[in-house]
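Some notes on the structure that comes next.
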Amino acid sequence: MNRIFRSPDHPLTRSPDLPIRLLLLAPLALLLAVLSLADNEKQLTVYTPQTSYTIPVNDREGQLYLSIMDLVGPLGHATMRVDGHDWKLQFNSADARFSEGKDKAKIRGNSVDLNGKALVVDNRLLIPVKSSFAVLSALLKKNVEFRPEARRILIDNAALHFTAELKKGDKSSLLLSFNQPVHPVTTQNENSVKLIFKREPLVSEITSQPFDDKFIHSLSFSEDNGTASLVIAGGPDLNATVSGDGKSVTIQSAPAIATATPSPVPSPESASTGSTASQSTQPGIGPQTHPSFLVLIDPSHGGNDQGALLPEKLLEKDITLAMARRLKTELEDHGISARLVRDGDVNLSLEQRAEMANGLHAGIYIAIHAGLPGSGVRIYSPAITSATEPVGKFHPWESAQSSYMSRSQALAQAVAEEVGKKQINVVSFKTSLRPLNNITAPAIAVELAPDPANVADLSSQKFQTNVAAGIASGVAHARAQLEAQR
Amino acid sequence: MIPRSIQITVGLLLLGILISGLYMIKLTHKEQAKTLLGSEDRPVAPPVGGKQERIAILVAYDEDRALRWREANVFMPSEPSLRAREALQAVLAQYLQNPSPHPLGKGADIKDVYLINQDTLVIDTTPQFADGHPSGILLEEMTLTSLIETLNANVPGIARVKFVVDGKERETLAGHADLMSFYQTAAVHELAKEFQ
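From first to last, the protein sequence lines are chains C and W.
Start counting the first sequence at 8; every next residue gets the next number (our numbering).
Start counting the second sequence at 1167; every next residue gets the next number (our numbering).
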C-alpha cells in the first residue's frame, strides 16, 4: 500500500526530478496505449481449404469497412483500375465495377447490394464488411459461409470440425480430436486453458458442453474478431498437449503430463514442444521432435507433365518421385517429419503444389528435379525477379517467397555443404523457378544432374540414396537455425 | 413483217444480255475491291533501317554451363522496340546455327516485341520457341537470362520484360523457368553474374 499511496515525504514525491521522470514515463505510457489499441484491432479472417488470412477492418460512417483488394488479393490474381469514380476490378476471369459513393456494384454483369456506400480512402477502395459475403459469392462462384458476428468467412466448405472425449480416471483428461492438424495458441488461467485458433477454420454447433467431472468441468466454443477459441474449465493447473501429428490436443492436470512435456503449447510456431514421449524416443533424433516442423518434398512434374526427356528413355517425373521417396526415408531417419506432394503419377499444377506447401505451413519445401547437362547435383535457391509490388501487408503470389529468401539461401548452403561431403560435385544457383517463389517457407530445389557419361546415375539407387542422405543431413543442420527464425 | 412473238423473244434476249453484262461488271468490281482489301490486311514488315553496329550479345554454352559475351554485327534501328527485336534475334541466330552452343527447336523466333511506357518490353515468341525448347532448369534459365541480358546491354531503359508465346501467357518455358512474371532486368543482371 505504501507504494501506491505515498506520504508527502516519500523520496519520489520529494524529488526535484519528478517532472523529468514523468516526462520519461510518458513515452512508455504511450507505447502501452498503442499496444493496447493494437490488441483490440478489429479484423476479419478468410479461410479457404488451402490457406487462411486475416485482414484489418475499420469503422467508417457507422459501420465496419475493409479493403476489397485485401479481401480478394490472396484468393487469386486481382488488379484494380480506376476510371474517374469507377473502380474496375479484374479478378481472375471475373470483372467487377464499384463506384465511389454508390451502394451497388456490378459483378460478372449482375448488380450486387453492398449494404452501404463504397468509400475511397488513401487510394484504396473500401466496402462494408457486411457486403463481403455477396461480393465473394459473386466473384468466386463458390460456396461462401459468412459468420458476421465473428467476422469469419469460410470459402468452399473450409471448415475444421472436432470431437471431445472425456476420459475419466484418477487424473481425468479431455481428448480433442480434429480432422486436420492444428496449431493453437494456448493461454492458461488459474482454472482453465484457452486454445486460440487463429489460422484454422474451427467451427462448432455446440457453444458449451458441461462435464460431470472434478478435473474437467466444461468445454466452451466461441468465435470473435476473426478467431475461434476453445476454453476448457476445470481444476487447477490444467495443461494442453498437442499430439505429434497435430490432430489431437489432450487437456489434463499438469502433474500427470509434466514428465512428458516440459511446457505447455505457447504459440503456433512452438506448438509441438508438447510433443508425445514416443516421438522423443525415436532413435538418432537427439533433440525432441518438433511435429509442426514438416518438410514437404515435391517430386516435380507427374502425370501428363513428364518433365525433361533424359537419355536411356528416362523420364524426369519418374526419377523425381523415386528420389523424393528416398529423401523422405532419410529425413525420417533423422527424426524429421516429411511428406510428399505426390506419391504417384498424378497431374498437379504448380499452383496446387504451392498451395499445399502454404496450407500445411511446411517448415521447409524441397522440389526435386533431374536434368542435363551436369556433373553432380545443382541446388537452387529462389530469386525474386518479378516486378510486382506488395499490396499493403500482402505479398503478391509471384513473390510470396520474398520474406523467406535469406532462410532459403541458408538452407541451400547447408544442403550444398552436406551433399558435398558425400563426394558429390555440387553447384549452387539462384533461380526464378516456379513454384519456389510462391512458397511461404524456406524453399529450395535440388536437381540431379550427373555427367552425361554417367546418366545411369540418375536412376541408380546408390547415387540417389547418397544424395538424399546429404540433403537430409543438410536439413537437419539448418533446422535449428530455421526454427529459431520462424 | 417480223412476227410479234419473235420481236418479244429477241427483246427479252437483249434485255437478258444487258442484265447479265451489268451483273458481270458488278462482280468484277467486287473482286477487285476484295483484292485491294486483302492486300491492305497483310502486315507490312517494318523496313529494318539503321546502320550496322557491332553489338554485345550474351550467349549460353550448354557444355560449359556458362553464359559468355560475344559480339555480332547487326543492323540496329534507332527505334527501341525494333532495336530490341534485332538484338534478340541476333542471340537466337547463335542458337539456331549448326553446331549450336545451346540448341533450340527449329522455328524458334521472336514474333514481335511491344514496348510499353518506354520501360516494359513484352516479347512474343513463336510457339516453337517454347514447344521445342529442351526441358531443364538450367537450360531454360540460361535462355531467358541470355535474352534479357542482351536487351540490357543494347536497349537502355528497359526495366521489365515479359515473355508470351504466340500471343498467349504460358506458365513455364519448358516445365521450369517462370514465364508468368515480369522479369526485372536489374535483378536478372545480378543473377547472370552466377553464369559468367
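No residue lacks a Cβ here, since even glycine has one placed at the ideal position from N, Cα and C.
Going along the chain, which unbroken runs of the alpha helix (DSSP H) with 4 or more residues stay wholly within the segment 364–429 of chain C? Those alpha helix (DSSP H) runs which fall completely within the segment 364–429 of chain C and span 4+ residues are 412–427.
CB contact below 8 Å: methionine 1346 of chain W versus chain C: Against chain C, the CB of methionine 1346 of chain W has a partner CB under 8 Å away; the residue lies at that interface.
With H, G and I counted as helix, E and B as strand and the rest as coil, what does DSSP make of threonine 447 of chain C? When DSSP states are grouped into helix, strand and coil, threonine 447 of chain C belongs to the coil group.
Is it true that the segment 1269–1279 of chain W meets the segment 1289–1303 of chain W, where meeting means three or more beta-carbon pairs spaced less than 8 Å apart? Under the 8 Å Cβ criterion, the segment 1269–1279 of chain W counts as touching the segment 1289–1303 of chain W, having at least three qualifying pairs.
Just verifying my parser: in three-state terms, what is the DSSP assignment at glutamate 454 of chain C? It is a strand residue.
Alpha carbon to alpha carbon, how far is glycine 242 of chain C from histidine 224 of chain C? Their Cα atoms are separated by approximately 8 Å.
Which residues mark the beginning and the end of the alpha helix (DSSP H) in which serine 1247 of chain W is found? Going by DSSP, serine 1247 of chain W is part of the alpha helix (DSSP H) stretching over 1246–1262.
Taking Cβ-Cβ distances below 8 Å as the criterion, which residues of the segment 440–453 of chain C are in contact with chain W? So the close ones are Leu440, Arg441, Asn444, Ala452.
Of the residues C:Leu357, C:Leu367, C:Pro380, which one's Cα is nearest the Cα of tryptophan 404 of chain C? The shortest C-alpha separation from tryptophan 404 of chain C is found at C:Leu357.
Whose CA, out of C:Trp94, C:Phe153, C:Asn130, lies closest to the CA of threonine 4 of chain C? This structure does not reach residue 4 of chain C, given that chain C is present from 8 up to 493, and the question cannot be answered.
For threonine 496 of chain C, count neighbouring Cβ atoms within 10 angstroms of its own Cβ and tell me buried if that reaches 16, exposed if not. In the structure as shown, chain C begins at 8 and stops at 493. Residue 496 of chain C is therefore absent and cannot be evaluated.
Could you tell me the boundaries of the alpha helix (DSSP H) in which proline 1293 of chain W lies? Annotation: the continuous alpha helix (DSSP H) that includes proline 1293 of chain W extends over 1293–1297.
Compare the beta carbon distance of alanine 463 of chain C and tyrosine 387 of chain C with 8 Å and say whether it is the shorter of the two. No. Outside cutoff.
Give me the chain W residues within the contact set of tyrosine 372 of chain C, using Cβ-Cβ distance strictly less than 7 Å, ordered along the chain. For tyrosine 372 of chain C, no chain W residue has a C-beta closer than 7 Å to its own C-beta; the minimum C-beta separation is roughly 16 Å.
At least 3 beta-carbon pairs within less than 8 Å: the segment 330–349 of chain C vs the segment 421–429 of chain C: Segments in contact, no.
Between histidine 308 of chain C and chain W, is there a C-beta pair that is closer than 8 Å? Histidine 308 of chain C counts as touching chain W.
Can you check whether the C-beta of proline 1212 of chain W is within less than 8 Å of a C-beta belonging to chain C? Because the pLDDT at proline 1212 of chain W is just 49, under 50, the model does not fix this residue reliably, and the value given afterwards should be weighed accordingly. For proline 1212 of chain W, the answer is no, since every Cβ of chain C falls outside 8 Å of its Cβ.
Using 8 Å as the threshold, is the segment 1327–1337 of chain W in touch with the segment 463–479 of chain C, meaning 3 or more CB pairs across them? These segments do not touch.
Taking only beta-carbon positions, decide if threonine 55 of chain C is within less than 8 Å of chain W. Not one beta carbon of chain W lies nearer than 8 Å to the beta carbon of threonine 55 of chain C.
Could you tell me how far apart the beta carbons of alanine 390 of chain C and lysine 437 of chain C are, in whole angstroms, since I believe they sit closer than 8 Å? Alanine 390 of chain C to lysine 437 of chain C, Cβ: 4 Å. Contact.
Taking the Cβ atom as the reference point for each residue, do serine 179 of chain C and phenylalanine 228 of chain C lie within a distance shorter than 8 Å? It is not a contact, given that the beta carbons lie outside the stated cut-off.
Report yes if the C-beta distance between serine 382 of chain C and asparagine 432 of chain C is below 8 Å; otherwise report no. Serine 382 of chain C is a Cβ neighbour of asparagine 432 of chain C, given a cutoff of 8 Å.
In chain order, what residues of the same chain lie with their CB nearer than 6 Å to the CB of glutamate 454 of chain C, ignoring the 5 residues before and after it? If the five residues before and after glutamate 454 of chain C are omitted, its C-beta is found closer than 6 Å to the C-beta atoms of His376, Gly378, Arg385, all from its own chain and listed in chain order.
Exposed or buried, which one is threonine 1316 of chain W when buried takes at least 16 other CB atoms within 10 Å? Threonine 1316 of chain W sits buried, since 16 or more C-beta atoms from the chains shown fall within 10 Å of its C-beta.
Can you give the Cα-Cα distance for serine 106 of chain C and glutamine 1218 of chain W, rounded to whole angstroms? Looking at the two C-alpha atoms, the distance is approximately 54 Å.
Give the straight-line distance between the Cα atoms of valine 272 of chain C and methionine 412 of chain C, rounded to the nearest whole angstrom. With a pLDDT of only 32 at valine 272 of chain C, under the threshold of 50, the placement of this residue in the model should not be trusted, and no figure is reported.
Closer than 9 Å, Cβ to Cβ, to anything on chain C: give me those residues from the segment 1290–1305 of chain W, in chain order. Within the segment 1290–1305 of chain W, the qualifying residues are Pro1300, Ser1301, Gly1302, Ile1303, Leu1304, Leu1305.
Excluding the 5 residues flanking asparagine 99 of chain C on each side, which residues of the same chain have their C-beta closer than 7 Å to its C-beta? Scanning its chain for C-beta atoms nearer than 7 Å, with the 5 sequence neighbours on each side dropped, one finds around asparagine 99 of chain C the residues Gly83, His84, in chain order.
CA-to-CA distance, proline 1322 of chain W to alanine 450 of chain C, given in whole angstroms: Straight across, the Cα-Cα distance linking alanine 450 of chain C with proline 1322 of chain W is about 34 Å.
Leucine 73 of chain C beta carbon less than 8 Å from that of leucine 96 of chain C: Cβ distance not < 8 Å, so leucine 96 of chain C and leucine 73 of chain C don't count as in contact.
Roughly how far, in whole angstroms, is the beta-carbon of lysine 254 of chain C from the beta-carbon of proline 188 of chain C, given that I think they are within contact range, below 8 Å? About 6 Å; that satisfies the 8 Å criterion.
Taking glutamate 1307 of chain W as the query, report the chain C residues whose CB atoms sit under 7 Å from its CB, ordered along the chain. Here the neighbours are Thr438.
Leaving out the 5 sequence neighbours to the left and right, which residues in its chain are closer than 8 Å to serine 415 of chain C when beta-carbon positions are compared? Excluding residues within five positions, the ones whose Cβ falls inside 8 Å are Ser388, Pro389, Gln408, Leu443, Pro449, Ala450, Ile451.
Can you tell me the Cα-Cα spacing of phenylalanine 1329 of chain W and isoleucine 1303 of chain W, whole angstroms? If you draw a straight line from the Cα of phenylalanine 1329 of chain W to the Cα of isoleucine 1303 of chain W, it comes to about 17 Å.
Rounded to whole angstroms, what is the Cα-Cα separation between serine 211 of chain C and phenylalanine 169 of chain C? Between the C-alpha atoms of serine 211 of chain C and phenylalanine 169 of chain C there is a straight-line separation of about 8 Å.
Do aspartate 305 of chain C and alanine 247 of chain C have their C-beta atoms within less than 8 Å of each other? Their beta carbons are not under 8 Å apart, which means aspartate 305 of chain C does not touch alanine 247 of chain C by this criterion.
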